[in-house]
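Protein sequence lines, in the order shown, are assigned to chains C and G. Here this note's numbering is used: position 138 in the first sequence is 1196, and no number is missing along the way. Here this note's numbering is used: position 82 in the second sequence is 62, and no number is missing along the way. Structure first, commentary second.
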Amino acid sequence: METILFLVFGIFAVIAGIAVITFRNPIYSALALIVTFFSQAGLFILLGAYFVAAVQIIVYAGAIMVLFLFVIMLLNLGSIDVARPAVGTAKVLAIVLGLMFAAEGIYIAWSVSSGTAVAREAQSTGTTITQAQLETIKEIEEKYELTRPAINQDYVEKRYNKTNVTMLNESEASELIKTLHRENMGKTYQIGSVLFTKFLLPFEVTSLILLAALIGVIVLVKRENPKPVN
Amino acid sequence: MSLEYYLILSALLFSIGVIGVLIRKNAIIIFMCIEMMLNAANLAFVAISRELGDVSGQIFVFFVMTVAAAEVAIGLAIIVSVFRHRETINVDEINSLKG
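Written out as structure tokens, the structure is:
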């Protein structure tokens, strides 16, 4: 099922991409680009990135393409090169070089992921202590004769007040943690918990970027001599 | 689907964008092909983020989308200003900074 969906979205994206660069009328190109963005959102959902897919549809297809369409209609160009000119050497060379670039990119993508790429282990979210710190803790426990209860089923049931506790061994537990992490990684809760803690500085800088863009656009589009109102 | 298919699709979309930037004469369509290239990079980010189990790839996609939105706004404002001045947005005719 995932293969079929990937093929459908992939073929839609590629055909719409070729349509963007082929149509003469810029409105048709913009609509083809919207199809590309929606296929891309479908691919994001297949990859488990649900928040990013929603942001793609809202920001790209909903705001950026609307801006493009407004500007195309504002400039009111029609089809610029209606009479299709003879295909010059520059265009042929551009297509040939572009195809060579595509072949090179595909070769790199294939060899990177089928040969030498090693998947890192999923990052654990707890803190780690060094061996020296562990030794210090053991010394203090011995010195002051502290005891630590054994973490077994009775302890967990009493401590957290739950029934039906299943104890897993270490490898099963790590597999379960990995599976849960992969499934929940793209959901809004996880994105938010990382975005506002670990990536807080880029987030705030992004707001400054948007402020700069806002001021820049208003300054650029302002007319120099407003018509006097008589 | 394993990682290499998503990376190949990303490379294909990126190169379609590159061909579009090289071929087309309309400044707005060149801009749209640049957006397509940014999208291809986003797809590569998210595919590798799923492969490595690291959520930082998707966070970076969020920032790329924000910066792309800001860039589109400013770029289209520049194109509108150029059109007001030169009455054309054919990049073959806007090839000198004189005037």
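Cβ coordinates follow ideal geometry from the N, Cα and C atoms, glycine included.
**Message:** Quick check: the region 19 to 30 of chain G against the region 1148 to 1162 of chain C, are at least 3 beta-carbon pairs closer than 8 Å?
**Reply:** no
**Prompt:** Mind checking whether isoleucine 59 of chain G and isoleucine 69 of chain G have CB atoms under 8 Å apart?
**Reply:** Position 79 of the second sequence, counting from 1, holds the residue named residue 59 of chain G. Position 89 of the second sequence, counting from 1, holds the residue named residue 69 of chain G. Yes.
**Message:** Can you tell me whether asparagine 22 of chain G is helix, strand or coil according to DSSP?
**Reply:** Indexing the second sequence from 1 puts residue 22 of chain G at position 42. Three-state result, asparagine 22 of chain G: helix.
**Message:** Does the contact criterion of 3 or more C-beta pairs under 8 Å hold for the region 1092 to 1106 of chain C versus the region 1063 to 1076 of chain C?
**Reply:** yes
**Asked** How about alanine 20 of chain G and leucine 2 of chain G: do their beta carbons lie closer than 8 Å?
**Response** For the purposes of this step, residue 20 of chain G is identified with residue 40 of the second sequence, where counting begins at 1. For the purposes of this step, residue 2 of chain G is identified with residue 22 of the second sequence, where counting begins at 1. Result no, Cβ atoms of alanine 20 of chain G and leucine 2 of chain G do not sit closer than 8 Å.
**Request:** Pick out the complete alpha helix (DSSP H) segments inside the region 1188 to 1234 of chain C, 4 residues or longer, and give them in chain order.
**Result:** Within the region 1188 to 1234 of chain C, the complete alpha helix (DSSP H) segments of 4 residues or longer fall at 1189 to 1202 and 1211 to 1218, listed in chain order.
**Item:** CB of alanine 1107 of chain C within 8 Å of CB of glutamine 38 of chain G, strictly
**Value:** As a first step, residue 1107 of chain C is located in the first sequence; it is residue number 49 there, counting from the start. As a first step, residue 38 of chain G is located in the second sequence; it is residue number 58 there, counting from the start. Glutamine 38 of chain G is positioned such that its CB atom lies closer than 8 Å to that of alanine 1107 of chain C.
**Request:** Would you mind telling me which residues of chain C sit closer than 8 Å to glutamate 15 of chain G, beta carbon to beta carbon, in chain order?
**Result:** Within the second sequence, residue 15 of chain G is the residue found at index 35, counting from 1. The contacting residues are Leu1091, Tyr1118 and Ile1122.
**Request:** Look at the Cβ atom of asparagine 22 of chain G, then the Cβ atom of valine 41 of chain G, and state whether they are nearer than 8 Å.
**Result:** The residue labelled residue 22 of chain G in the question sits at position 42 within the second sequence. The residue labelled residue 41 of chain G in the question sits at position 61 within the second sequence. Yes, Cβ-Cβ distance for asparagine 22 of chain G and valine 41 of chain G is below 8 Å.
**Request:** Go ahead and label arginine 4 of chain G buried or exposed: buried means 16 or more other beta carbons lie within 10 angstroms of its beta carbon, across all protein chains shown.
**Result:** Within the second sequence, the letter at position 24 stands for residue 4 of chain G. So arginine 4 of chain G ends up on the buried side.
**Asked** Okay, do the region 1107 to 1127 of chain C and the region 1276 to 1284 of chain C touch, 3+ Cβ pairs below 8 Å being the bar?
**Response** Output reads no: the region 1276 to 1284 of chain C does not touch the region 1107 to 1127 of chain C.
**Asked** Which term fits methionine 1225 of chain C, buried or exposed, when burial requires 16 or more other beta carbons within 10 angstroms of its beta carbon?
**Response** As a working mapping, residue 1225 of chain C is identified with position 167 in the first sequence. Exposed: under 16 other Cβ atoms inside 10 Å.
**Asked** serine 1229 of chain C to leucine 1063 of chain C, Cα distance in whole Å?
**Response** Counting from 1 along the first sequence, the entry for residue 1229 of chain C is found at position 171. Counting from 1 along the first sequence, the entry for residue 1063 of chain C is found at position 5. So the two alpha carbons sit approximately 33 Å from each other.
**Asked** Can you check whether the CB of isoleucine 1267 of chain C is closer than 8 Å to the CB of isoleucine -4 of chain G?
**Response** Position 16 of the second sequence, counting from 1, holds the residue named residue -4 of chain G. Position 209 of the first sequence, counting from 1, holds the residue named residue 1267 of chain C. Not in contact: isoleucine -4 of chain G and isoleucine 1267 of chain C (Cβ atoms no closer than 8 Å).
**Request:** Count the other CB atoms, across all protein chains shown, that sit within 10 Å of the CB of threonine 1255 of chain C; report buried if there are 16 or more and exposed otherwise.
**Result:** One-based indexing of the first sequence puts residue 1255 of chain C at position 197. Exposed.
**Request:** Kindly provide the ranges of any alpha helix (DSSP H) runs that are 4 or more residues long and lie completely inside the region 15 to 67 of chain G, ordered along the chain.
**Result:** 36 to 66, all fully within the region 15 to 67 of chain G.
**Asked** Of the choices C:Glu1193, C:Phe1067, C:Met1123 and C:Val1263, whose alpha-carbon is the least far from that of tyrosine 1086 of chain C?
**Response** Within the first sequence, numbered from 1, the residue matching residue 1086 of chain C stands at position 28. The residue with the shortest Cα to Cα distance from tyrosine 1086 of chain C is C:Met1123.
**Item:** Contact check, alanine 1088 of chain C vs isoleucine 1130 of chain C, beta carbons under 8 Å
**Value:** Locating residue 1088 of chain C in the first sequence gives position 30, where the first residue counts as 1. Locating residue 1130 of chain C in the first sequence gives position 72, where the first residue counts as 1. Yes, these two residues count as a Cβ contact at 8 Å.
**Prompt:** Going straight from the alpha carbon of valine 71 of chain G to that of methionine 45 of chain G, what length do you get?
**Reply:** The count along the second sequence starts at 1 and reaches residue 71 of chain G at position 91. The count along the second sequence starts at 1 and reaches residue 45 of chain G at position 65. When rounded, the distance between both Cα atoms is 26 Å.
**Request:** Examine chain G for any beta-carbon lying closer than 8 Å to the beta-carbon of alanine 1112 of chain C, and answer yes or no.
**Result:** Working through the first sequence from its first residue, we reach residue 1112 of chain C at position 54. Closer than 8 Å: no.
**Message:** Rounded to the nearest angstrom, what separates isoleucine 1069 of chain C and glycine 1100 of chain C at their Cα positions?
**Reply:** The count along the first sequence starts at 1 and reaches residue 1069 of chain C at position 11. The count along the first sequence starts at 1 and reaches residue 1100 of chain C at position 42. Straight-line Cα distance between these residues: approximately 12 Å.
**Prompt:** Since asparagine 70 of chain G sits in a beta bridge, which residues does DSSP pair it with?
**Reply:** Here residue 70 of chain G is taken as the residue at index 90 of the second sequence, counted from 1. For asparagine 70 of chain G, which the question treats as bridged, DSSP gives the partners G:Asn6.
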